[in-house]
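From first to last, the protein sequence lines stand for chains A and B.
In terms of the numbering used here, the first sequence is residues 1 to 193.
In terms of the numbering used here, the second sequence is residues 1001 to 1193.
We treat Cβ as the ideally placed atom computed from N, Cα and C, and that holds for glycine.
I have placed the structure first, in the form of structure tokens, so that the comments after it can refer back to it.
There are 2 protein chains.
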Amino acid sequence: METSDRILKRATVAFGESGYDATSLDDLARTLDIRKQSILYHYASKELLLEACVRQAITDLSVALDEAIRKSSYGWERIESIVKRVFRLANNRPELLGLLREVTRLGPPILTYAVDGIRPLLDGATTWLIEEMKAGRVRKSEPELLVLSAYSTIMGAATEVKLFEALGEESTIRDVAIRRKELLRFLKIALIP
Amino acid sequence: METSDRILKRATVAFGESGYDATSLDDLARTLDIRKQSILYHYASKELLLEACVRQAITDLSVALDEAIRKSSYGWERIESIVKRVFRLANNRPELLGLLREVTRLGPPILTYAVDGIRPLLDGATTWLIEEMKAGRVRKSEPELLVLSAYSTIMGAATEVKLFEALGEESTIRDVAIRRKELLRFLKIALIP
DNA sequence: ACCATTGCCTACCAAGTGGTAGAAATAGAG
DNA sequence: CTCTATTTCTACCACTTGGTAGGCAATGGT
């Protein structure tokens, strides 16, 4: 694999799991078994590296969601498909969701940058929801708020694993599956008329 | 006000809003118009300062929730009362919820410490929910999971303000009230039989 | 009057930070 | 082989970090 890609991948993990400020370029270089200056050759500054990570993360996220959307039809089935895909993502690549959360914590300018990348996804979801509401397949309410609520709910359920573990809740695949099932039941009751 | 209390308050805000790593003791001292060494006089290390902040935050949180519980009766009314109280808290003292989230990000040892403080609250909520389910006032499901889901949902709705703003969603008192109402509607449909 | 304690300070330090300058290796093209 | 461009490196640097050592004024008990 290309060095620059290796850097990008590890940086995304580090930024997403440990946070931007807690990750030093020296640490990062050490885990990659290269020197810090090699990182700075491919990405001129730490901030630009973060930007590249965010760009890639959003791309990956978009691809995953598109996939979930394409292989589902309408109404509840599609919501279920998306939730399942996000949970799988949270399991396979927790750093992606972690990075998104970290970015909202860091605020501008990187947040503004990320938001521009995510907005198409949210807009798509919103217009789709409006359609579904019109068709009577989803309970009528404010679609923008619903999308954002769903975002934070799914995000919370998918990323709060560390908290769960600290609380003694196990996090085997089975336990995560149970939580997913509960969330789906919850969403179904609340969303479907 | 006592110097040590001023430090504690500012530190909670800084840790909760900007994050632990992004907050230097020098910065903190500067905003308090004292010297860093005065901070280290009252709190022997940065980590101990964080611990003190967490302890105080959990106390404040407990007080607020107890209040919400005491002035409500049972079933839906109590849930509504708690959600409203948390939203008020997120509005008046966003740093409290921010600090909690930051702590789950930092992981052990501080997370373990915080969890010990919060567990009584969660246990209380869980046993209460079990009662309510028995009495048929709340839809039957896994109470532990329900508590944690509710936690992350409310937390998300209450703290994702920065994201909302970046997305162009206004965050006037009225808008927050609308989001609160939507969340309550959502919870009511999902929880009440 | 004495002295110990409290509270805040100045002065300093070792370790680490992101970043610069420029030398050495590597490799493909003519 | 030689020239050139790409990549990685060593050697630094200015600055910030959390933390130590110790001084100095105020306070209050004896």
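Please list, in chain order, the chain B residues whose beta carbon lies closer than 9 Å to that of residue 155 of chain A.
Here residue 155 of chain A refers to the residue found at position 155 of the first sequence. Residues of chain B passing the Cβ test: 1152, 1156, 1160.
Whole-Å CB distance - residue 1096 of chain B paired with residue 1016 of chain B, under 8 Å assumed
Taking the first residue of the second sequence as 1, we reach residue 1096 of chain B at position 96. Taking the first residue of the second sequence as 1, we reach residue 1016 of chain B at position 16. Correct: roughly 7 Å between the Cβ atoms.
I need the DSSP call for residue 1019 of chain B, collapsed to helix, strand or coil.
For the purposes of this step, residue 1019 of chain B is taken as residue 19 along the second sequence, with counting starting at 1. When DSSP states are grouped into helix, strand and coil, residue 1019 of chain B belongs to the coil group.
Could you tell me the distance, in whole angstroms, from the CA atom of residue 89 of chain A to the CA atom of residue 1066 of chain B?
Within the first sequence, the letter at position 89 stands for residue 89 of chain A. Within the second sequence, the letter at position 66 stands for residue 1066 of chain B. C-alpha separation (whole angstroms): 37 Å.
Of the listed residues A/103, A/152, A/157, nearest to residue 1156 of chain B (C-alpha basis)
Along the second sequence, read from residue 1 onward, the residue named residue 1156 of chain B stands at position 156. In this structure, A/152 is the residue among A/103, A/152, A/157 with its C-alpha nearest to the C-alpha of residue 1156 of chain B.
How would you list, in chain order, the residues of chain B whose beta-carbon sits under 7 Å from the beta-carbon of residue 163 of chain A?
Numbered from its first residue, the first sequence carries residue 163 of chain A at position 163. Within chain B, the residues near residue 163 of chain A are 1104.
If you run the structure through DSSP and keep just helix, strand and coil, what is residue 1155 of chain B?
As a working note, residue 1155 of chain B is residue 155 in the second sequence. Helix at residue 1155 of chain B.
Hey, how far is the Cα of residue 1181 of chain B from the Cα of residue 134 of chain A?
Numbered from 1 along the second sequence, position 181 holds the residue referred to as residue 1181 of chain B. Numbered from 1 along the first sequence, position 134 holds the residue referred to as residue 134 of chain A. Going by the C-alpha atoms only, they are around 22 Å apart.
Is there a Cβ from chain A that is less than 8 Å from the Cβ of residue 1015 of chain B?
Residue mapping note: residue 1015 of chain B aligns to position 15 of the second sequence, counting from 1. No, residue 1015 of chain B does not count as interfacial toward chain A.
Output yes or no for whether 8 Å exceeds the beta carbon distance between residue 85 of chain A and residue 68 of chain A.
Here residue 85 of chain A refers to the residue found at position 85 of the first sequence. Here residue 68 of chain A refers to the residue found at position 68 of the first sequence. The answer is yes: Cβ separation under 8 Å.
Under the rule that 16 or more other beta-carbon atoms within 10 Å means buried, what is residue 1063 of chain B, buried or exposed?
For the purposes of this step, residue 1063 of chain B is identified with residue 63 of the second sequence, where counting begins at 1. So residue 1063 of chain B ends up on the exposed side.
Interface residues of chain A facing residue 1022 of chain B [CB-CB closer than 7 Å]:
As a first step, residue 1022 of chain B is located in the second sequence; it is residue number 22 there, counting from the start. Simply 21.
Check the Cβ-Cβ distances between residue 83 of chain A and every residue of chain B, and say whether any is below 8 Å.
Position 83 of the first sequence, counted from the first residue, corresponds to residue 83 of chain A. No, residue 83 of chain A lies away from the interface with chain B (no Cβ there is under 8 Å from its Cβ).
Rounded to a whole number of angstroms, what is the C-alpha to C-alpha distance between residue 75 of chain A and residue 193 of chain A?
Taking the first sequence and counting its residues from 1, one reaches residue 75 of chain A at position 75. Taking the first sequence and counting its residues from 1, one reaches residue 193 of chain A at position 193. In a straight line, the C-alpha of residue 75 of chain A is about 11 Å away from that of residue 193 of chain A.
May I ask you to report which of helix, strand or coil DSSP gives residue 117 of chain A?
Numbered from its first residue, the first sequence carries residue 117 of chain A at position 117. DSSP places residue 117 of chain A within a helical segment (H, G or I) once states are collapsed to three.
Would residue 169 of chain A and residue 113 of chain A be called neighbours here (beta carbons separated by less than 8 Å)?
Walking along the first sequence from the start, residue 169 of chain A turns up at place 169. Walking along the first sequence from the start, residue 113 of chain A turns up at place 113. Not closer than 8 Å, so no.
Measuring only between beta-carbons, confirm whether residue 1087 of chain B sits less than 8 Å from chain A.
The residue given as residue 1087 of chain B occupies position 87 in the second sequence. It does not; no Cβ of chain A falls within 8 Å.
Measure how close the beta-carbons of residue 14 of chain A and residue 28 of chain A come, nearest whole angstrom, since I'm counting them as under 8 Å.
Within the first sequence, the letter at position 14 stands for residue 14 of chain A. Within the first sequence, the letter at position 28 stands for residue 28 of chain A. Confirmed, about 6 Å.
Rank B/1107, B/1131, B/1146, B/1163 by C-alpha distance to the C-alpha of residue 118 of chain A and give the top, closest one.
Counting from 1 along the first sequence, the entry for residue 118 of chain A is found at position 118. Taking only the C-alpha atoms, the option nearest residue 118 of chain A is B/1163.
Residue 173 of chain A and residue 1145 of chain B: beta carbons closer than 8 Å?
As a position in the first sequence, residue 173 of chain A is number 173, starting the count at 1. As a position in the second sequence, residue 1145 of chain B is number 145, starting the count at 1. Not a contact, by the Cβ cut-off of 8 Å.
Which listed residue (A/92, A/148, A/30, A/11) has its alpha carbon closest to that of residue 1165 of chain B:
Start at 1 with the first residue of the second sequence, and residue 1165 of chain B comes out as number 165. It is A/148.
Between B/1082, B/1183, B/1191, which lies nearest to residue 1136 of chain B when the distance is taken from Cα to Cα?
For the purposes of this step, residue 1136 of chain B is taken as the residue at position 136 of the second sequence. Residue B/1191 is the option with its Cα nearest to residue 1136 of chain B.
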